[in-house]
Structures are given as C-alpha cells and as structure tokens.
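**Student:** The structure that follows is given in the form of structure tokens.
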C-alpha cells in the first residue's frame with residue numbers, strides 16, 4: 154500500500170506499507186530427546202535456538218552458525234544440532250583378605266552410552282583365590298555383572314575376593 158502526502162512547503166512524502174515476508178527454519182535435534190523445531194517468523198525478528206538434550210551426549214553446537222534474527226531463507230533451510238559422546242569412568246575397589254592390587258584388573262576403566270560390557274572376574278588370582286563378584290555398594294549386597302546399552306553416569310564397583318583355606322594335594326604312587 155502506498156500513501157502520498159503533499160506538505161505545505163510543497164515537498165512530497167511517499168510512504169510504502171507492506172507486509173514483511175515470513176521465513177522458515179527447521180532446527181533438527183539430530184537424535185535429541187526433544188522433537189525437531191520449526192521456527193516461522195518475519196524477516197529480522199529476533200530468534201533464539203531451542204534447547205535440546207541427548208542422554209549420554211554433550212551439546213557441541215550447530216552445523217552452521219545459528220542466526221540471532223530471522224534471515225531471508227531459502228526453501229528447506231535447516232540447522233542441525235551436533236553432539237559429542239560423553240566418556241563415563243568406571244572405578245574398581247577390590248576388597249580381599251590378602252591385599253591383591255586392583256591395578257591388574259583387565260576390565261575397562263571407561264564406557265559410553267553406546268557400549269555394552271560384560272564384566273568378567275579377576276583372572277590373576279592364584280588357585281586358592283575365589284572371585285565372588287562385582288557389586289555397586291560397599292556392603293556388597295547388590296551384584297553388578299554388565300553395563301547395558303544406554304547406561305550413563307560414572308560407576309564405582311566393589312570386587313570381593315575370598316581365599317579358601319582348603320588345599321588340594323595330589324599324591325603320586327611310585
């Protein structure tokens with residue numbers, strides 16, 4: 154719409170009124186817990202990026218810079234969230250009667266949300282040592298045998314070793 158006004162001094166003022174175009178940005182969570190977001194706004198309207206979360210991952214940014222105001226966009230303009238996988242630690246505390254060092258434990262010391270790990274016992278025990286198992290509590294009442302796909306968080310495991318005072322002797326006849 155155009156409005157023309159002639160001022161008293163003879164000058165001409167022309168005003169153009171128009172509707173600003175509306176543009177669309179599709180924001181992809183790329184595996185996030187939340188749904189993708191579609192932002193529909195007029196040109197130069199301030200916009201803020203949505204907050205996405207993804208279990209086992211840390212948000213690492215966007216594949217292209219996220220605009221602070223709605224740009225003129227082409228059809229199908231998309232911005233994709235980028236993620237960095239989190240490494241969680243596994244600590245081992247071995248409780249035993251003879252002070253076996255835990256340094257020889259062959260089990261992994263870290264894992265990610267994408268890992269599946271079955272935790273074996275301790276292979277370095279002498280013939281009289283018996284590995285009872287891994288536990289998630291110091292009282293050793295809650296057994297723990299594997300890390301499942303999708304598990305998150307740092308873990309401390311307690312391993313219990315017992316020694317038998319029974320010995321086997323094999324005699325050979327001459």
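In the working numbering, the protein residues as written are 154 to 327. Glycine included, each C-beta is placed from N, C-alpha and C at the ideal position.
Quick one: complete beta strand (DSSP E) runs, 3+ long, within the region 173 to 255?
**Tutor:** Fully enclosed beta strand (DSSP E) runs of 3 or longer: 175 to 181, 190 to 195, 210 to 215, 231 to 238 and 241 to 249.
**Student:** Do the region 230 to 240 and the region 208 to 215 touch if we need at least three Cβ pairs shorter than 8 Å?
**Tutor:** The region 230 to 240 vs the region 208 to 215: in contact.
**Student:** Going straight from the alpha carbon of residue 260 to that of residue 188, what length do you get?
**Tutor:** Translated into positions along the chain shown, residue 260 becomes position 107. Translated into positions along the chain shown, residue 188 becomes position 35. Cα to Cα, residue 260 sits roughly 37 Å from residue 188.
**Student:** Under the three-state reduction of DSSP, which class applies to residue 282: helix, strand or coil?
**Tutor:** If you number the chain shown from 1, residue 282 lands on position 129. In the structure shown, residue 282 sits in a strand (DSSP, three-state: E or B).
**Student:** Assuming residue 247 and residue 314 form a contact by the criterion Cβ under 8 Å, report the distance between their Cβ atoms to the nearest whole angstrom.
**Tutor:** Reading the chain shown from its first residue, position 94 is the one you call residue 247. Reading the chain shown from its first residue, position 161 is the one you call residue 314. Sure, about 6 Å apart at Cβ, within 8 Å.
**Student:** Let me know if residue 185 comes out buried or exposed under the rule of 16 or more other beta-carbons within 10 Å of its beta-carbon.
**Tutor:** Position 32 of the chain shown, counted from the start, is the residue given in the question as residue 185. Classification of residue 185: buried, given that the 10 Å Cβ count is 16 or more.
**Student:** Which residue's Cα is closest to the Cα of residue 206: 183, 223 and 300?
**Tutor:** Locating residue 206 in the chain shown gives position 53, where the first residue counts as 1. Nearest option by C-alpha distance: 183.
**Student:** Would you mind reading off the limits of the beta strand (DSSP E) that contains residue 168?
**Tutor:** On the chain shown, residue 168 is found 15 positions in, with the first residue counted as 1. Counting along the chain, the beta strand (DSSP E) containing residue 168 begins and ends at 165 to 169.
**Student:** Give me the Cα-Cα distance between residue 291 and residue 284, rounded to the nearest whole angstrom.
**Tutor:** On the chain shown, residue 291 is found 138 positions in, with the first residue counted as 1. On the chain shown, residue 284 is found 131 positions in, with the first residue counted as 1. Their Cα atoms are separated by approximately 16 Å.
**Student:** May I ask you to list the residues that DSSP assigns as paired with residue 312?
**Tutor:** Here residue 312 refers to the residue found at position 159 of the chain shown. 247 and 287, per the DSSP bridge assignment.
**Student:** Looking at the unbroken beta strand (DSSP E) that takes in residue 158, where does it start and where does it end?
**Tutor:** By one-based count along the chain shown, residue 158 stands at place 5. Here the beta strand (DSSP E) through residue 158 covers 155 to 159.
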